[in-house]
Amino acid sequence: MSNTAPPAAATAPILKEDVMVLNMGPQHPSTHGVLRVILKLDGEKIVDLDCDIGYLHRGIEKIAENRSYTGAAPYMDRLDYIAAVSNNLAYVGAVEKLAGVQVPPKAQHVRVILTELTRIASHLLWLGTHAMDIGALTVFLYCFREREDILNILEMTTGARLTTNAFRVGGLAADIPDGFVEKTRAFCDLIGGRIDEYEGLLSANRIWLSRTRGIGVINAGDAVAIGLSGPSLRGSGVKWDLRKAQPYEAYSKFEFDIPTGANGDTYDRYLVRLEEMRQAKRIILQALDGMPEGDFRAKVPRVLKPPAGEVYHSIEAPKGELGFYLVSDGSANPYRVRIKGPSFFNLQAMRRLCIGHFVADVVAIIGTLDIVLGEIDR
Amino acid sequence: MNDQAPSTQPQAPGGDAAPAGPRYEPLAQNPVADGINQRWPGGCTGAWSFLDQWFFDVAKDHVAEIGQWLRDEMRFDMCADVTAVHYPERESPFTVIYNLYSFADNRRILLRAELAADAAIPSVTAVWPSAAWPEREVFDMFGIRFSGHPDLRRILMPEDWTGHPLRKDYDIRGRDPQWIARHLELRTPAAAPEGEASHE
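Chains as they are written, first to last, in the working numbering: chain W, 1 to 378; chain G, 379 to 578.
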């Protein structure tokens, strides 16, 4: 791209060509947490950058080795705290796969509903902050209004709004409360029109278009090579979603589309996430309609000792492929817990996306990658 | 390597028999294992199926070349993760695990490579650029060196930290008192209260 042109200094050796190093973060409003980016600039253009991460490292993988399988679950909510339900589902799913636990159909449906609600909540927070970073302040308030409804549903179901610890090995902590179905339906009736409103504010907005079109372009081959997943990968046209490719829970029962982009730029990734919210609503309505009767939890021993072995289980979290690699030695504590979070790999692509762009675009690119530092640093 | 139990099936501590459960079944006539052994005799010492997952034990010296072949010929386009496990009681105490995914076949495989305590393993970043950060993390957390890695630095822990936290001999409350004294000025190592474990 632009950094292929020879610098002006080549023809005018008297002028000293200098690269300026600019430190961004770790406390910067657009880094969504404690991310430090060291930018190397030629004027306003980015020549190189390095991400400094680890400020939020709490050693969750180490802590999990020192807890029981069930005792480690609440820590997983603290990875991607924007979508705690998804983290919980991936971890619990990995333990169930290793221990051979069958989850009752009702619990599977409720799990799908809650994780899809979380997907909408995560995308809403992404949209609000992403738009605010670029200068569209109104969208933020709209998005948080709708997100509040989801948090209320989570609160009435799990007792918590953020770190929900929604699931248990074998199913749910408790049966769904009275009014859950009605409230969720009411939310689904509402959200479709609201997404249209956001689109009305942004999709044809000239400022939005000039800040997102052609910014942070990555083609499908490069996106796969650098390890992007989730909407960031689908924005480049790779039609890959773990809910379809390797269905877990009850996803194979539901009909939904996988939106993809064509240009792999910030605007396409925005469109993909908007459409994913609509598809999530479709899934929730199907799961509500087909809600089976029966138990909400399988019988699981109080002290869980999965057989020795190892397992990798991954789900399509709002930000991409979230996987857990567990090693069991047959005891009550996991021998090793490896968390493969999507944000870690998506952030790795940032250098590739930013080089050649302006400083102001860094903010747009951090936003479009939809990272959460709690999951990157673990 | 032994033919009986796969090397990474961990032994229960104290010699207790592991509870009955799914077993690692050998994979016969597997294209991945056969292909590796054809090109690098002895390159794949075990091929296992466990809970519908495929595991391959590979020779660590050939990891990069095997990766190149897997990507180009077998279409494992994505390296989803690189991680490691520490088994201090084993002769080769570290196992590096590569999590590979093929979009064409919708198939995930896990490669396992064992290495000795002081050994280095070839980096696969030239094959899959996505391996750059997870390899840095394995270096940071386990102290495993990846030869040929373009930028092998710590990633999560501070650069001047000593010790590798995910090793099994690193205490859960382990820390680097010198680092803390140097940077935080909270307390000197000598003044650390009783019972607080410190590492090194």
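From the three backbone atoms N, C-alpha and C, an ideal C-beta is built for every residue, glycine too.
Indicate whether residue i and residue j have their beta-carbon atoms separated by less than 8 Å.
i       : j       : result
F520(G) : L544(G) : yes
T163(W) : D77(W)  : yes
T368(W) : H130(W) : yes
E310(W) : L326(W) : yes
E458(G) : G227(W) : This sequence places Ala at residue 458(G); Glu is not what is there. Yes, the pair counts as a contact, with Cβ atoms nearer than the cut-off.
A90(W)  : G323(W) : yes
D549(G) : P466(G) : no
I475(G) : I444(G) : no
A482(G) : R453(G) : yes
A83(W)  : A317(W) : yes
E492(G) : S525(G) : no
F345(W) : S427(G) : no
L79(W)  : R378(W) : yes
V460(G) : P528(G) : no
R36(W)  : D18(W)  : no
Residue i: buried (16+ other C-beta within 10 angstroms of its C-beta) or exposed?
i       : result
V372(W) : buried
I315(W) : buried
K299(W) : exposed
D361(W) : buried
E255(W) : exposed
A510(G) : buried
G54(W)  : buried
A250(W) : buried
H561(G) : exposed
S232(W) : buried
N152(W) : exposed
P388(G) : Low per-residue confidence applies at P388(G): pLDDT is 45, beneath 50, and the placement is therefore not dependable, though the value from the model is reported in the following sentence. By the neighbour-count rule (16 or more Cβ atoms within 10 Å), P388(G) is buried.
I60(W)  : buried
N87(W)  : buried
G33(W)  : buried
L141(W) : exposed
R338(W) : buried
Q416(G) : exposed
R206(W) : exposed
For residue i, collect the residues of the same chain with a Cβ closer than 6 Å to its Cβ; drop the 5 residues on either side in sequence, then sort them by chain order.
i       : result
D50(W)  : I38
L534(G) : D518
A425(G) : L405, N408, A411, F434
K319(W) : G230, P342, S343, D370
P292(W) : P105, K106
W432(G) : I487
Between which residues of its own chain and residue i is the CB-CB distance below 7 Å, once the five residues before and five after are set aside?
i       : result
F144(W) : G128
I283(W) : V112, E116, F254, F256
Q382(G) : Unreliable placement is indicated for Q382(G), whose pLDDT of 43 sits below 50; no coordinate value is reported for it.
A280(W) : E116, R119, I120
R269(W) : P231, S232, G235, G261, T368
G330(W) : K305, P307, A308
G93(W)  : Y248, H313, I315
E44(W)  : F358, V359
List the residues of chain W that residue i touches, going by C-beta distances under 7 Å, in chain order.
i       : result
T461(G) : Y325, R338
M452(G) : Correct list: empty, because the minimum Cβ distance to chain W is about 15 Å.
P507(G) : A225, I226
D435(G) : Here the premise fails: no neighbours, minimum Cβ distance about 12 Å.
Q556(G) : Correct list: empty, because the minimum Cβ distance to chain W is about 18 Å.
F517(G) : Chain W residues near F517(G): none, gap ~13 Å exceeds 7 Å.
D455(G) : V224
Within its chain, find whatever has a CB closer than 8 Å to the CB of residue i; leave out the 5 residues flanking it on each side and keep chain order.
i       : result
S68(W)  : V303, L304, A332, N333
I365(W) : I215, G216, T266, M350, L353, C354, H357
W557(G) : P536, D538, W539, T540
So which residues on chain G does residue i lean against when the C-beta distance must stay under 9 Å?
i      : result
N66(W) : I550
Using a Cβ cut-off of 7 Å, pull out every chain G residue sitting near residue i, in sequence order please.
i       : result
F344(W) : W511
E321(W) : A458
K40(W)  : Chain G residues near K40(W): none, gap ~15 Å exceeds 7 Å.
Starting from residue i, find everything on chain W with Cβ-Cβ shorter than 8 Å and list it in chain order.
i       : result
F589(G) : Residue 589(G) is absent from the structure shown; chain G starts at 379 and stops at 578.
D439(G) : Here the premise fails: no neighbours, minimum Cβ distance about 23 Å.
Could you name the residues of chain G that residue i contacts, counting a contact when the two beta carbons are closer than 8 Å?
i       : result
D377(W) : L534
P247(W) : Those within 8 Å of P247(W) in chain G number zero; the least Cβ separation is about 11 Å.
I82(W)  : Within 8 Å Cβ-Cβ: nothing; I82(W) doesn't reach chain G, min ~20 Å.
H57(W)  : L534, M535
I53(W)  : I533, L534
Can you find a heavy atom of the ligand GDP that lies under 7 Å from the Cβ of residue i?
i       : result
G323(W) : The model on display carries no ligand, and the ligand GDP is accordingly not part of it.
| query | Do the segment 225-236 of chain W and the segment 262-273 of chain W make contact, defined as three or more Cβ pairs closer than 8 Å? | reply | yes
| request: Check whether the segment 96-115 of chain W touches the segment 301-321 of chain W, taking contact to mean three or more Cβ pairs, one atom from each stretch, closer than 8 Å. | output: yes
| said: Below 8 Å, how does it come out for the segment 66-80 of chain W and the segment 162-176 of chain W: are there three or more Cβ pairs, yes or no? | reply: yes
| query | Is the number of C-beta pairs between the segment 412-431 of chain G and the segment 189-197 of chain W that are closer than 8 Å three or more? | reply | no
| query | Would you call the segment 436-444 of chain G and the segment 499-507 of chain G touching, i.e. three or more CB-CB distances under 8 Å? | reply | yes
| query | Between the segment 274-290 of chain W and the segment 190-209 of chain W, are three or more C-beta pairs nearer than 8 Å? | reply | yes
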